[in-house]
Amino acid sequence: MKIKLKDPIFFNELLIKKGFSKNSFSKAANLGQPTIVQISNGTRCPGPVAAKKIVDTLQVEFEDIFEIER
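Be aware that the sequence shown starts at 1, since it is given in UniProt numbering, and climbs by one per residue.
Here is the structure:
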């Protein structure tokens with residue numbers, strides 16, 4: 001099973017609405033900037049730990065931005 005970003009455009013808009021650049025978000029979430037860039041453009045699927053850090057930092061529910069693909 002993989003964790004996939006539902007909508008990369010929505011995710012990027014959410015970052016902006018919450019006041020983050022990809023660089024500042026990567027620091028706040030304690031994840032590497034390349035990881036955030038790859039997840040945000042849909043070329044990388046986050047692992048469970050990274051997904052948890054992302055939703056916690058954005059203060060959203062998992063289902064708001066991610067889906068589990070079987």
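Backbone N, C-alpha and C define an ideal beta-carbon position, used for all residues, glycine too.
query                                                                                                                                                                                        : result
Would you mind reading off the limits of the beta strand (DSSP E) that contains Phe66?                                                                                                       : 66 to 69
Please go through the same chain and pick out, in chain order, the residues whose beta-carbon is closer than 8 Å to the beta-carbon of Thr35, but skip the five residues on each side of it. : Ser26, Arg44, Pro46, Ala50
Beta-carbon within less than 7 Å of Lys4's beta-carbon, same chain only, minus the 5 sequence neighbours each way: which residues are those?                                                 : Cys45, Phe66, Glu67, Glu69
Considering Leu5, what are the terminal residues of the beta strand (DSSP E) in which it resides?                                                                                            : 2 to 5
For the alpha helix (DSSP H) holding residue 82, just list the boundary residues, first then last.                                                                                           : Outside the shown range of the chain (1 to 70) lies residue 82, about which nothing can therefore be said.
Are the CB atoms of Lys22 and Val37 nearer to each other than 8 Å?                                                                                                                           : yes
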